[in-house]
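Participant: Questions regarding the structure given below will be posed in turn.
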Amino acid sequence: MIISSSIKAFAATLVVLYIIYVLLSSFLSPLRKVPGPFYARFTYLFYLNRVRQGRFQHENVALHRKFGPLVRLGPDLVSVDDPGALKTIYSIGSKFSKSDWYYAWRAPGPGNFTLFADQNMVRHADTRKRFQNLYSMTSLVSYETFVDECTGIFTKRLQETADAGEPVNMGHWFQCYAFDVIACITYGSRFGFLDDGHDIQGMMGDLYAVLRYSTLVGIYSWLHDWIFHPAAKLQLFGARGRVTLMKFVEGQMAIRREERRKRDVEDKVKDQGEAAPIHFLDRLLDQNQEDPEKTTMYHVFLVCLANINAGSDTTATSLSGMLYHLLRYPRVMARLKQEIRELSSRGQLSEQPSFKEIQQMPYFDAVMKESLRLHSAVGLPLWRVVPEGGTTVAGQYLPQGTNVGVNAWVAHLNEDVWGPDAREFRPERWCEAQAEALKGNKDRLRQMEAYYLPFGLGSRTCIGRHISILEMSKLMPRLLRDFEFELERPDEEWKCITEAFKADSFDSKINLGVGAYRDDKGKPYVLPSVRKAEDKVISSRMNKEYAGITGVPEFTSAAAKLAYGKDSFALDRTVITQSISGTGALRIGGAFLARFYPGDKTIYIPTPSWANHGAVFNDSGLKVAKYRYYNKDTIGLDFDGMIADIKAAPKGSVFLLHACAHNPTGVDPTPDQWKAIEAAIKEGEHYPFFDMAYQGFASGDINKDAFALRYFVEKGHNPCLAQSFAKNMGLYGERAGAFSVVCESAEEKKRVDSQIKILVRPMYSNPPIHGARIAAEILNSQELYDEWLVEVKGMADRIIKMRALLKENLERLGSKHDWSHITSQIGMFAYTGLTPEQMDKLAKEHSVYATKDGRISVAGITSGNVGRLAEAIYAVKG
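For this note's numbering, count along the sequence shown from 1 and bump the result up by 587.
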């Protein structure tokens, strides 16, 4: 007992002494005047935690905006945003060596240096000199054949996907392309990523694990010696990935050396002539044969490993960033395509563009530079150690041993260098600077180039940057010439929200881009009534035969009663067909009107509207026009503009009306406004087409949500209707929907029913049955129906409650803005009134993800995150 107490006392004493040491070190440190987060002065844990969250590039920018050109990120870590310091820290001849952070980027041991991680400046210079010619611009021509091979396969794969009408995850395919290109250039043959379309032998995953391990362990680099080998043996963390990649490279080297033993390389080259490209490994093995001491087998190994580690993921990231920004900025895309068309029409751009031809494309060069500026592959400071004697940066003395670094993301958003539009994707800034330089004024271009570091700077500039540029230059113009790209989900910004949300490891991140309901824990929700109905459907052992062309009759008849009312006089003259959810219903309706509507075949949709409305109706054969709906100044309904546009439209036009819970704004007309809208529609002899995807889910009352549709029918209109059961029953993947038309008479009903069947038959023949049977079971069983009404009201009430809590929290924080629109809007989506710039800050600085137009999915708000969400909105909006 006495011994135990003594040990505890001794341990407590050590802890107290350590705390005293940390506090004294902090208060006596020459860096005590460098601003930064409070905890960063005492520990590296602040920096470690922020890097671990996967969003540090954005946080680093925010910290510099808050604290200025110098930000202290740890006891001896200083992030720098000062153009004048760049030359001091990174220039050729600088005495600032790489920091200990780089130690974790290689296997432990004094002899295991790598080109990227070598902290020995003399050895690094010697190693780089040995192999620099392999990466030079003049060597690129010899690698073009390898790139052409992979580009050809890539475009073939894209064509196959396009022919199938399937969406493409371009980020994944860019990775496949980059891996196979660097494999060809390094080893002479592809890994097979482009052929198979998936991660071969888990190499992508291994590389990601290596990057994460090195990034995090490097912050406490002394741990590397202790944990690497045990972790590798236990196949844990990135240590396993590093060992796997190292063994792979060793295997490739062994295979190639065996091949060389079996044949005379000189004869092979002589027979095939200059057409036979020589890859890295052969060149390195040739150098080894000529002088084994100058080019050792370890040198061969480290170059081959470096190509895989650094030459694949970074290029794929850069390609993804370029295409993303082009899709986000149609003006830039159009101008670049014009440049491509003009060169192609003059015969100056081959089917597979050569690197020489690409040099004739100044706007593409500007696009590539601007893409790399806004989306650099590396998002951390490139740490260097202040040499003996110390240095002064931004007016602050930094002593010997201080770790200083510039983050490309920070440098590339410096408004003193790039202007007030630094956050904007504007390639013209490079064209303008180049034009000024040609006139003799090179200051602007020099300033931009001096603070441009997507590939690093000075003697440690990425040795493979020319290969990366070659890959991007030869691929992107061909893709843009041969394919038309569009966003799969424009309202979700090309899956940017979902992918960025997944990549962000911040524990408190918030995804407000999701298009499906979530419970108060943020989890997908299956309604209990749906589970019970599905159990009944399965236990009934129904057959799996085709449904009729118009679907499951028990479902369609019940869906009509739900929409129009069970006692509606219109039911007897309503034609209804099951559809593939609401989208399918819209498509059937568009085709029906395009073929049979006698009036003006232009359909007016609100501004804004669901992103797919325009595409669906265009594809149906209707012309699409727009009417005013949302007033961004009032963040409400532009009622006067809407009425004016209805009255100004040609007589007999078609108007799409959101029956309830307008998507994407959540702004609905009041009952009195609906009555005025009906009168204007009737006056213009227009035809109403209702889209009702949220009945019951909007207000919690199925009758209230159907008011507009039923009122129009009551007033003598014969509208058509697209229904969806994705939202109100949670049948997102079951695709249960219906299209209906109210007819003038029983005779007209027969004719319309016949034509609907004729339309549907070539589209999809017969609709799916499982989701329709589930919905039918709920709608036709009084017990399940009553249970469903309670559940759908519960979902609606949770949404309404989250709106109220968000407004309440914003007001409690002292926001001076009027947030009443948050609670006056209805349904799953809300327009916040935030600008694209503010939404960008929410994502980058607060890990809150939503669309740039200010729309949020209220379903993503929970009682657990609403407070943090309010704080984030308050931080960017006030």
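Heads up, the beta-carbon is just placed ideally off N, CA and C, and yes, glycines get one too. From a predicted model like this one, the values you see are computed outputs, not experimental measurements.
(1) Which full runs of the beta strand (DSSP E) of 3+ residues lie inside the segment 1115 to 1167, going along the chain?
(2) Which residue's Cα is closest to the Cα of Val804: Tyr690, Gly1043, Val887?
(3) Spatial neighbours of Phe633 within its chain, please: C-beta separation below 8 Å, excluding the five flanking residues on both sides.
(4) Opposite Cys1307 in the DSSP bridges: which residues?
(5) Pick helix, strand or coil for Ala1267, following the three-state DSSP scheme.
(6) CA-CA distance, Arg1360 and Lys1269?
(7) Could you check how far apart the C-beta atoms of Ala1203 and Gly1287 are, in whole angstroms? I think they sit under 8 Å.
(8) Are the beta-carbon atoms belonging to Gly1358 and Phe1416 less than 9 Å from one another?
(9) Along the beta strand (DSSP E) that carries Arg537, what are the first and last residues, could you check?
(10) Considering only their Cβ atoms, is the gap separating Val665 from Leu985 smaller than 9 Å?
(11) Go ahead and label Thr683 buried or exposed: buried means 16 or more other beta carbons lie within 10 angstroms of its beta carbon, across all protein chains shown.
(12) In the DSSP output, what is Gly661 paired with across the bridge?
(13) Can you list the alpha helix (DSSP H) stretches of 4 or more residues lying completely in the segment 999 to 1050, in chain order?
(14) If we count the other Cβ atoms within 10 Å of its Cβ and call it buried at 16 or more, is Arg928 buried or exposed?
(15) Which of the three DSSP states is assigned to Gly698 in this structure?
(16) Do the CB positions of Pro670 and Gln1034 come within less than 9 Å of each other?
(17) Tell whether a beta-carbon distance below 9 Å holds between Ala1120 and Ile1365.
(18) Measuring only the C-alpha atoms, how far is Lys620 from Val973?
(19) Decide if Glu846 is buried, meaning its Cβ has at least 16 other Cβ atoms within 10 Å, or exposed.
(20) Quick one: Cα of Gly934 to Cα of Asp663, how far?
(21) To which residues does DSSP link Arg1442 through a beta bridge?
(22) In its own chain, which residues sit with a C-beta less than 8 Å from the C-beta of Lys1131, not counting the 5 before and 5 after it?
(23) Could you round the C-beta distance between Cys891 and Val836 to whole angstroms and report it? I think they count as a contact, below 8 Å.
(24) Suppose you measure from the CA of Thr675 to the CA of Phe718; what does that come to, to the nearest Å?
(25) Note the first and the last residue of the continuous beta strand (DSSP E) segment covering Arg1215.
(26) When you compare the CB positions of Ala981 and Gly898, do they come within less than 9 Å of one another, or not?
(27) Could you name the residues of the same chain whose beta carbon sits closer than 7 Å to that of Ala1145, not counting the 5 residues immediately before and after it, in chain order?
(28) With H, G and I counted as helix, E and B as strand and the rest as coil, what does DSSP make of His1404?
(29) Pull up the DSSP beta-bridge partners for Lys1291, would you.
(30) Given a cut-off of 9 Å on the beta-carbon distance, is the pair Ser1060 and Met955 in contact?
(31) Taking Val648 as part of the alpha helix (DSSP H), name the residues at either end of that continuous run.
(32) Tell whether a beta-carbon distance below 9 Å holds between Asn1250 and Phe1284.
(33) May I ask whether a heavy atom of the ligand GDP can be found less than 8 Å away from the beta carbon of Met1063?
(34) Should Met1063 be labelled buried (16 or more other beta-carbon atoms within 10 Å of its own) or exposed?
(35) Is Leu1040 closer than 9 Å to Ala998 when the C-beta atoms are compared?
(36) What span of residues does the beta strand (DSSP E) with Gln983 cover, start to end?
Facilitator: Judging by the given coordinates:
(1) 1161 to 1167
(2) Tyr690
(3) Pro624, Tyr626, Ala627, Leu660, Gly661
(4) Phe1276, Val1328
(5) helix
(6) 37 Å
(7) The question names Ala, but residue 1203 in the sequence shown is Val. That pair is no contact at about 28 Å.
(8) no
(9) Residue 537 lies beyond the stretch modelled for the chain, which goes from 588 to 1465, so this question has no answer here.
(10) yes
(11) Strictly speaking, residue 683 in this sequence is Phe, with Thr absent from that position. With 16 or more other Cβ atoms within 10 Å, it is buried.
(12) Leu664
(13) 1002 to 1005, 1015 to 1025, 1030 to 1037
(14) exposed
(15) coil
(16) yes
(17) yes
(18) 17 Å
(19) exposed
(20) 57 Å
(21) Tyr1418
(22) Ile1356
(23) 5 Å
(24) 26 Å
(25) 1210 to 1215
(26) no
(27) Ala1363, Leu1366, Asn1367
(28) coil
(29) Paired residue(s): none; Lys1291 is not in a bridge.
(30) yes
(31) 643 to 654
(32) no
(33) Looking for the ligand GDP in the displayed structure turns up nothing, as the structure carries no ligands at all.
(34) buried
(35) yes
(36) 983 to 985
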